[in-house]
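Comments concern the structure below.
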Amino acid sequence: MDTLFPWLRAPSERPALRVGDLVLTQRELAVACAHHIAALGARGASPGDRIGVWTQPALETLVSLVAHAA
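Residue numbering for the sequence shown follows our numbering, beginning at 22 and increasing consecutively.
Spelled out as structure tokens, the structure:
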């Protein structure tokens, strides 16, 4: 997380993701990623595990991909 997305540790209100009219700030993205990572951990996933992602094109897909990369 330190090298890929340093702003996840100190997020701001700047836009991080835009999909159509929907916008997530860096802070909102950091919170969404933290929830996503916690949910994966609760299901037994650990850093370095491979996780399949099957979704439709949506803002949630981008959050999922950023969370996995973090």
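No residue lacks a Cβ here, since even glycine has one placed at the ideal position from N, Cα and C.
Check	Outcome
C-alpha gap between MET22 and GLY41, whole angstroms	Note that MET22 has pLDDT 46, beneath the 50 cutoff, so the model's placement of it is unreliable and the number below is only indicative. Their backbone Cα atoms lie some 27 Å apart in a straight line.
Assigned exposure category for VAL87 - 16 Cβ within 10 Å defines buried	buried
The region 49 to 59 contacting the region 31 to 41, beta-carbon criterion three pairs below 8 Å	yes
Opening and closing residue of the alpha helix (DSSP H) in which ALA37 lies	Element bounds for ALA37: not the alpha helix (DSSP H) but the beta strand (DSSP E), 36 to 40.
Contact set for PRO32: own chain, Cβ-Cβ below 6 Å, skip 5 residues either direction	GLN47, ARG48 and ALA51
Which listed residue (ALA90, LEU80, SER85 and ALA79) has its alpha carbon closest to that of PRO68	ALA90
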